[in-house]
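Sequential numbering from 1 applies to the sequence shown in full-length UniProt numbering.
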Amino acid sequence: MRLGRIVRSEGVVFVRIEGEPDDPDRMSSREVVAHLFGTLIFIGRSWQLTDVQLLAPMLASKVVCIGKNYADHIAERGSQAVLVLSDPVIFFKLNTSIIGIKLPIRLHANASPAHFEDELALLVGRQWKVIPAAQATDYILRYTIGNDVSGRDQQRADGQWAHAKGYVTFCSVGSWIVTDLGPLDPADIELHTEVNGDVRQHRCTSMMIHNAGAILERISAVMALLPGDLILTGTPAGVGSIEDGDTVSITVEGIGTLTNPSVSKGKS
Numbered sequence: 001m002r003l004g005r006i007v008r009s010e011g012v013v014f015v016r017i018e019g020e021p022d023d024p025d026r027m028s029s030r031e032v033v034a035h036l037f038g039t040l041i042f043i044g045r046s047w048q049l050t051d052v053q054l055l056a057p058m059l060a061s062k063v064v065c066i067g068k069n070y071a072d073h074i075a076e077r078g079s080q081a082v083l084v085l086s087d088p089v090i091f092f093k094l095n096t097s098i099i100g101i102k103l104p105i106r107l108h109a110n111a112s113p114a115h116f117e118d119e120l121a122l123l124v125g126r127q128w129k130v131i132p133a134a135q136a137t138d139y140i141l142r143y144t145i146g147n148d149v150s151g152r153d154q155q156r157a158d159g160q161w162a163h164a165k166g167y168v169t170f171c172s173v174g175s176w177i178v179t180d181l182g183p184l185d186p187a188d189i190e191l192h193t194e195v196n197g198d199v200r201q202h203r204c205t206s207m208m209i210h211n212a213g214a215i216l217e218r219i220s221a222v223m224a225l226l227p228g229d230l231i232l233t234g235t236p237a238g239v240g241s242i243e244d245g246d247t248v249s250i251t252v253e254g255i256g257t258l259t260n261p262s263v264s265k266g267k268s
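Written as structure tokens, this is what we have:
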């Protein structure tokens, strides 16, 4: 099942999204009452998906990110030797940096070059303090796609990841959330990124150093996770810069495609 948020004249509406992404003209959205973490009640209203604006599918209280989780990405960042860390590297993005599909990534002069980073994103479904790795799937309610946009030179210059990654629009999420990947294993699905139609990243989540269970166990040992919190699981090799006018499309197997244009700050 796919769930998301759309904006209407009367405000934001939670919806179940029906149809197949390979035929967008036939996709529709049905309004649901209650929060996405409760029982879904359909109230009858529906709209063609092409007639509405999808928003980021959740309002996360926090965005917890994992760095250095793919050996090939560590290597491309310039490490002489690929170090497999015993614990995941944890950092944060501000929830004010979240945007949805088709909204522009706004490029800042003091965060140049801005790099795209495709990531499998996990949505926490239950409040808990410590989550054993073996029980991780009991607490992951949904899956979606994230683009952890990063001001790379700024990140290198002062070492403050939140500074370089916290700009407004630097966390694209969507297009929707998926409750069940069916026969697919989230530990073995493909990530694929194109910029202006050119393939830039194409890897598999099986290449993660720390899987979802290890990530959740580590994060929950040091902070409370709340329903709706978003966890970005890291990016593989292939990251690169985006410029004014570029379009970034990230596809995650079993979930869909997240597409955003990029514009210089100040442009409409």
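Note that CB positions come from ideal geometry on N, CA and C, so glycine has one too.
For clarity, every value in this text was computed on a predicted model and none was experimentally measured.
Annotation: A71 to G19 spans about 37 Å, alpha carbon to alpha carbon.
Here the C-alpha atom of K62 lies approximately 11 Å from the C-alpha atom of L123. Just so you know, the alpha carbons of Q53 and S86 end up roughly 42 Å apart. Within the region 45-101, the complete alpha helix (DSSP H) runs of at least 4 residues fall at 71-76. Comparing alpha carbon positions, the residue from N95, M208, A224 closest to T169 is N95. Within the same chain, Cβ atoms closer than 6 Å to the Cβ of R200 are found at T193, G238, G240, the five residues on either side in sequence being excluded.
CA-CA distance, I140 to G125, rounds to 5 Å.
Rounded to whole angstroms, V7 and I17 show a C-alpha spacing of 14 Å. Taken atom to atom, the span from the alpha-carbon of H163 to that of R106 is near 15 Å. Less than 8 Å divides the Cβ of P104 from the Cβ of V263. Looking at the DSSP output, P261 sits in a beta bridge with T247. At the C-beta level, E190 and D148 stay beyond 8 Å of one another. In the structure shown, L184 adopts coil according to DSSP, grouped into three states.
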